[in-house]
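Visitor:
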Amino acid sequence: MSNNNPSYEIKLLYDGECPFCLKEVNFLKKKDNNRGKVAFVDISSPDYCPADNENIDYATAMGKIHAIMADGTIITNVEVFRRVYEILGMGWIYAITKIPVIGWFADQIYGIWAKYRLQLSGRPNLAKVIQEKEKAFCATK
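For the sequence shown, position 115 (counting from the first letter as 1) is numbered 114 according to numbering that gives the first Met the number 0, and the numbering increases by one without interruption.
#1: Using a 10 Å radius around the Cβ and a threshold of 16 neighbouring Cβ atoms, would you call K114 buried or exposed?
#2: Who are the near neighbours of L87 in its chain, counting only those whose CB is closer than 8 Å to its CB and skipping five residues on each side?
#3: In three-state DSSP terms, what is Y109?
#4: Relative to the alpha-carbon of V119, which residue among I92, M89, E16 and T59 has its alpha-carbon at the smallest distance?
#5: Starting from the Cα of M68, find the closest Cα among E78, N124 and K10 and give me that residue.
#6: Would you kindly work out how many angstroms separate the C-alpha atoms of S43 and I73, rounded to a whole number?
#7: Please report the residue range of the alpha helix (DSSP H) in which Y57 lies.
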């Protein structure tokens, strides 16, 4: 596990090329109000470095939402939203997902959303997006 004493409580990895993701991230940034409780990391940035993010590569991060707790623990799916919202004082929004059956159901719905979010935003499918990003990455080397 990396980063001995980070200033954030959670690091949220997000797709900065996704309009839906950006809307959510902008909302969360306002709620964080420059307190630094949440570190926002754009995985689509040319500066994104898996080594700085518990070795979560672009393809993995694009498949579903990931976050990294200050202690290096990696979390995914609805748990990410639950934790971020709790940290920002809005835990009540996702509190119901703590109930196992409802949490499982929420993860299933999120899985469908994650699978189709690119197409819903007018982007190519995940394989094509990853292929294009890898080409761009290799071109900058």
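From the three backbone atoms N, C-alpha and C, an ideal C-beta is built for every residue, glycine too.
Guide: Let me lay it out:
#1: exposed
#2: L27, K30, D31, K36 and V37
#3: helix
#4: In the sequence as presented, Val is not what sits at residue 119; that position holds Leu. The candidate whose alpha carbon is nearest that of L119 is E16.
#5: K10
#6: 19 Å
#7: Y57 to G62
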